[in-house]
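There are 2 protein chains.
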Amino acid sequence: MSCELCNRTGGDLLWQGAFCRVVYVEEPGYPGFCRVIWQAHVKEMTDLSEAERIHLMEIVFAVESVLREQLDPAKINLASLGNAVPHLHWHVVPRHADDPHFPQPIWSTPKRPVTSDRSHPALPALAGAIAAALDE
Amino acid sequence: MSCELCNRTGGDLLWQGAFCRVVYVEEPGYPGFCRVIWQAHVKEMTDLSEAERIHLMEIVFAVESVLREQLDPAKINLASLGNAVPHLHWHVVPRHADDPHFPQPIWSTPKRPVTSDRSHPALPALAGAIAAALDE
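If you read the sequences in order, they're chains D and W.
Per our numbering, residue 1 is the first one in the first sequence, and the count goes up by one each step.
Per our numbering, residue 137 is the first one in the second sequence, and the count goes up by one each step.
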């Protein structure tokens, strides 16, 4: 199988369980950008069972909650696209008014250059907070 | 309040309940594009209770399921962005290999012109299918 999310972690591993993993995406201008990836090669949310969908979304929302606490973004963006890589994964993206594309989606033409004013969070602390949120 | 999703329906109403509504978006090149909108003015998924989040996502996934059945898309795209309009709403977008942006996100620079080969679904039938999926 030539799927890049079957063959590779897809980022820095922050947390994983039997069904999902959470990885950190080192995207310039987007500190806190995480992805939540279903471990098995499944294309659509409605290819999962209802219980699996609820489980995956609980992890997405736990990551959102931790990113809001740690980074106080103007908005959180959530997206499951997967046109190029049809293996279920959710983008969880903290947005700030001075980020390269705000208020447009991160996939649009940039409005301003990347600034280095915001640094990436410390990954061990982020990983710990996600684990704590999921153990609650 | 100047929020356009508080003041307007936001599209052709397909279904509504106490907490959410589903509207049809007449987007050229994107037959089947729906939005699921939380009725109250709430910004983030993690501002909802867990039960409310599950309810909203059940409706998103019911719409996805109906659109897959009716339109057989190459992929479904789901997104909750709301940077410009911070009132919870989900985009549910059937994607096809010949649509204007495929495989890129619909917010990127178009790759090809809109073709009229695919027509918009009949809205009464779509509304009926969504209602049936939600009554199951």
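The beta carbon of each residue, even a glycine, is placed where N, CA and C say it ideally should be.
Keep in mind that this is a model prediction, so the values were computed, not measured.
Query, Result
"Output the distance between the C-alpha atoms of Val158/W and Gly17/D, rounded to the nearest integer angstrom.", "33 angstroms"
"From this set, Met57/D, Pro121/D, Thr9/D, Ala127/D, which residue's C-alpha is nearest Pro31/D's C-alpha?", "Pro121/D"
"Do you know offhand how far Gly11/D's Cα is from Val25/D's?", "5 angstroms"
"Return the residues of the stretch 205–238 of chain W that lie within a Cβ-Cβ distance of less than 8 angstroms from chain D, sorted by chain order.", "Ala210, Lys211, Ile212, Asn213, Leu214, Ala215, Ser216, Leu217, Gly218, Asn219, Ala220, Pro222, Arg231, Phe238"
"So, for Thr251/W: in the same chain, excluding its five sequence neighbours on each side, which residues have a beta-carbon less than 8 angstroms away from its beta-carbon?", "Gly165, Asp234"
"Check the Cβ of Arg189/W against every Cβ in chain D and list those closer than 8 angstroms, keeping chain order.", "Met57, Phe61"
"Between Pro110/D and the rest of its own chain, which residues show a CB-CB distance below 6 angstroms, the 5 nearest in sequence each way excluded?", "Pro100, His101"
"Could you check which residue in Val228/W, Asn219/W, Phe197/W, Asp208/W has the C-alpha nearest to that of Arg254/W?", "Asp208/W"
"For His191/W, which residues from the same chain have a beta carbon less than 8 angstroms from its beta carbon, with the 5 sequence-adjacent residues on both sides left out?", "Phe155, Cys156"
"Please look up how many angstroms separate the CB atoms of Glu180/W and Glu64/D, rounded, as I've assumed it's under 8 angstroms.", "7 angstroms"
"Quick one: does Glu163/W have its CB under 8 angstroms from some CB of chain D?", "no"
"Determine whether the Cβ of Glu4/D lies closer than 8 angstroms to any Cβ atom of chain W.", "no"
"Can you grab the Cα-Cα spacing for the pair Leu81/D / Arg95/D, in whole Å?", "18 angstroms"
"Looking at the secondary structure, which residues open and close the beta strand (DSSP E) in which Arg157/W lies?", "156–160"
"To the nearest whole angstrom, what separates the beta carbons of Leu48/D and Cys34/D, a pair I think is in contact under 8 angstroms?", "The Cβ separation is near 20 angstroms, so there is no contact."
"Less than 8 angstroms between CB atoms is the rule here; does Cys241/W satisfy it with respect to chain D?", "As written in the sequence, residue 241/W is Pro, which differs from the Cys given in the question. Answer yes: the Cβ-Cβ gap between Pro241/W and chain D drops below 8 angstroms somewhere."
"From the DSSP output, which residues share a beta bridge with Pro230/W?", "Ile212/W"
"Alpha helix (DSSP H) containing Cys6/D: first to last residue?", "4–7"
"Which chain W residues sit within Cβ distance under 9 angstroms of Thr109/D?", "Ser244, Thr245"
"Count the other C-beta atoms from every protein chain shown that fall within 10 angstroms of the C-beta of Leu123/D, then say buried if there are 16 or more, exposed otherwise.", "exposed"
"Is it buried or exposed for Pro249/W, if we count other Cβ within 10 angstroms and need 16 for buried?", "exposed"
"Between the Cα of Ile242/W and the Cα atoms of Ala187/W, Leu214/W, Asn143/W, Gly264/W, which residue gives the shortest distance?", "Leu214/W"
"Out of His87/D, Leu88/D, Val42/D, Val66/D, which has the shortest C-alpha to C-alpha gap to Asp135/D?", "Val66/D"
"Do we get a CB-CB distance below 8 angstroms when we pair Thr46/D with the residues of chain W?", "yes"
"Interface residues of chain W around Ser49/D at Cβ under 9 angstroms?", "Under the 9 angstroms cutoff, chain W gives no residues; its nearest Cβ is about 11 angstroms from Ser49/D."
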